[in-house]
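Each residue of the sequence shown is one higher than the one before, counting from 1365 in the working numbering.
Every residue gets a Cβ at the ideal spot worked out from N, C-alpha and C, and that includes glycine.
Accompanying notes for the structure given below.
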Amino acid sequence: MRGTGAFVNLAVVGGAARTRPAALVASVGFPAAAAVGIAGLSLGFFLWYGLALRAPHGPAFLDVTLPPALVAGLAVAYAGWIGYGRYFARRADVSERTALRYDALSWAALALLWGTLLPPIGANGGGLWSAIALGTFVLAKLAIAAKLNRTVRDVASTFIVTRLTLLAIAELASMVIGQRPGTHFAASTNMLLAVWGRWDAEHYLGIAAQGYSGTEPAFFPLYPLLIRALGALTGSHLIAGLLVSNAAIFFALLFLYKLIEHEYNRAVAQRATFYVSIFPTAIFFSAVYAESLFLFLSVASFYYVRERRWLTAGIFGFFAALTRSEGILLAAPLFIEWAIAAREGGREFFRYWLDDIVKPIIGLALVPLGLLSYMAYLWVISGDPLRFSHVQTHWGRHLAWPWTSVSTTITKIAHAHAPQTIANESLELGFTLLMLVVLVAGFRRLRLSYTVYMALSILVPMCTSSLMSMPRFALVLFPMFVLFGLWGGRQSFNNAYVAFSLPLLGLFTVLFADWYWVA
């Protein structure tokens, strides 16, 4: 188990020594190699010309820098092609030659776009077209991966069907029904895009554009940082947020599928990923919200914990803690799995001190370091390292016993007169009870690390004296969907879940698109 991971056994096709890059490229054939070469030359020229437009230099300087730029583009393209091909060959259990031949198609598409349609980065519209080219490149790779690998194919089909359905519902609701009366934040002048920038999206987009102010420290920094970085390329923070969210939920589903497949079987994995994709609040996965990113990072951390790749798990936990405060809870399952590994290994476990002691300790320390890094930043800009917690009073939250939030919500329902208030509070209470019931009913079927993480993820939000947003918090509670996947083997449960989720998902999507509060 030293260094390879006991949880996932990656097969090297053929078991032979790795082929030299030159011989591998020669075996693939000239057309594929030429397509990648043209893409590399286009990349080098594209970046060189964009730099020339941004910072004009003399002709002599441009003449001198062009050849190195072309060589660098070639090197990046071939290194990326060979590296990704080898990685994918191991993962998909196909030969390196097959993987490289198919992957060359994505480079050919990129070369075609760069050579015919795209203005340079420094030109008007160059950034947006560059994002389109990058998206086309990624989608081509996804299509190839789906053809060669069943896991990617299963996840991609679930992702595409559910996301396109929600896209259609949200856009139709926005056009046919229209937003509720009142003045609202406009994420874009384009009505079709603005649908995805409701409610908390205003805060994330504001942070990405202008940094932190007011109550915005409640929203952790990784998601808006990614929006800001990608927005520099696309020219739109809203488009960048949509790209980040949808890419993150795809990879979240992919990691969740692989995690559950190896814990149980493929059928459970298929059901679980489908169930999380149609959960009533799954609209937030595609909106400018951090839920999809947090789910991706937390599931990936669990995946590598179960592989006993402690450092990688800690790195994902670090970024999860920079996405939401609950990310720090990932330290608990990491410690539990380390303790289980030590118990199973007995005296032999600690013979390999680097793998069994040093790496787990560093990985464990990385998780709270994510939160501590954000606290240090807040200390520098505001003098209050706990400002992310103190501003919660703006939403009526403060530290309290978990049952206080339940009793407070029941009191609000009993004394409320507005139907919308009664509906919102009832939904928050109902989803909280759902999570608690699932935890109690199913904890025996989960590993201890899953159970502890699920329990903490429910109890911590309940200790804020409010159940606000609990239906949305349930969305990232992936151990709950593991249980749903297990129970879904019974047709009666599957029918009940679909009958419960789909109508609510449609309703919540319409409400969200029309500026009504959902969670």
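Looking at the structure shown, is Asn1859 part of a helix, part of a strand, or coil, going by DSSP? helix
May I have the straight-line CA-CA distance separating Phe1876 from Arg1836, to the nearest angstrom? 12 Å
On the DSSP letters alone, give me the boundaries of the alpha helix (DSSP H) that Phe1660 sits inside. Glu1655 to Arg1670
Would you say the stretch 1600-1620 touches the stretch 1656-1669, given that touching needs at least three Cβ pairs under 8 Å? yes
So is Glu1701 buried or exposed if we call it buried at 16+ other beta carbons inside 10 Å? buried
Nearest neighbour of Ile1591, chosen from Ala1611, Ala1453 and Phe1666 [CA to CA]: Ala1611
Note down, one range per segment and in chain order, each beta strand (DSSP E) of at least 3 residues found wholly within the stretch 1797-1841. none
With C-beta atoms as the reference, is Ala1677 less than 8 Å away from Leu1698? yes
According to the neighbour-count rule (16 or more other Cβ atoms, all chains shown, within 10 Å of its Cβ), is Ile1822 buried or exposed? buried
Less than 8 Å between the CB atoms is what I'm expecting for Pro1644 and Phe1501, so what's the real figure, rounded? Between Phe1501 and Pro1644 the Cβ distance is about 34 Å, and since that is not below 8 Å, they are no contact.
Do you know how far the Cα of Arg1514 is from the Cα of Tyr1621? 11 Å
Own chain partners of Phe1795 with C-beta closer than 6 Å, once the 5 adjacent residues on each side are dropped: Met1834, Pro1835 and Ala1838
Who are the Cβ neighbours of Ala1473 in its own chain at under 7 Å, not counting the five residues just before and after it? Thr1500, Phe1501 and Ala1504
Endpoints, alpha helix (DSSP H) assigned at Gln1756: Element bounds for Gln1756: n/a, residue is neither H nor E.
So is Leu1866 buried or exposed if we call it buried at 16+ other beta carbons inside 10 Å? exposed
Report buried or exposed for Gly1849, applying the criterion of at least 16 other Cβ atoms within 10 angstroms of its Cβ. buried
Would you decide whether Val1874 is buried or exposed? Buried here means 16 or more other CB atoms lie within 10 Å of its CB. buried
Just to confirm before moving on: does the CB-CB distance between Trp1765 and Cys1827 stay below 8 Å? yes
So for Leu1750, helix, strand or coil by DSSP? coil
Cβ pair count under 8 Å reaching 3, the stretch 1623-1639 against the stretch 1663-1676: yes
In whole angstroms, what separates the C-alpha of Tyr1451 from that of Val1458? 10 Å
Would you report the Cα separation of Val1744 and Tyr1738, rounded to the nearest angstrom? 10 Å
How big is the Cα-Cα spacing for Gly1570 and Ser1662? 25 Å
Can you tell me whether DSSP reads Ala1572 as helix, strand or coil? helix
Any idea what DSSP makes of Trp1563, helix, strand or coil? coil
Taking the C-alpha atoms as reference points, what is the distance between Trp1412 and Met1844? 50 Å
Using only the alpha-carbon positions, how far apart do Leu1847 and Val1802 sit? 8 Å
Three-state secondary structure (DSSP) of Asp1457: coil
How is the alpha helix (DSSP H) around Arg1514 delimited, first residue to last? Arg1514 to Val1540
With burial defined as no fewer than 16 other Cβ atoms inside 10 Å of the residue's Cβ, what is the status of Thr1637: buried or exposed? buried
Anticipated Cβ contact below 8 Å, Ser1538 with Val1516, distance rounded: Between Val1516 and Ser1538 the Cβ distance is about 32 Å, and since that is not below 8 Å, they are no contact.
If distances are taken between C-alpha atoms only, which option among Arg1465, Pro1724, Ile1524 and Leu1730 comes closest to Phe1682? Leu1730
For His1779, name the three-state secondary structure that DSSP assigns. helix
Would you tell me roughly how many angstroms separate the C-alpha atoms of Phe1649 and Pro1431, rounded to the nearest one? 44 Å
Given Leu1607, which residues of its chain have a CB within under 8 Å of its CB, disregarding the five upstream and five downstream residues? Ala1495, Gly1499, Leu1594 and Thr1598
Would Ala1654 and Tyr1587 qualify as a contact pair, given that the criterion is a beta-carbon distance under 8 Å? yes
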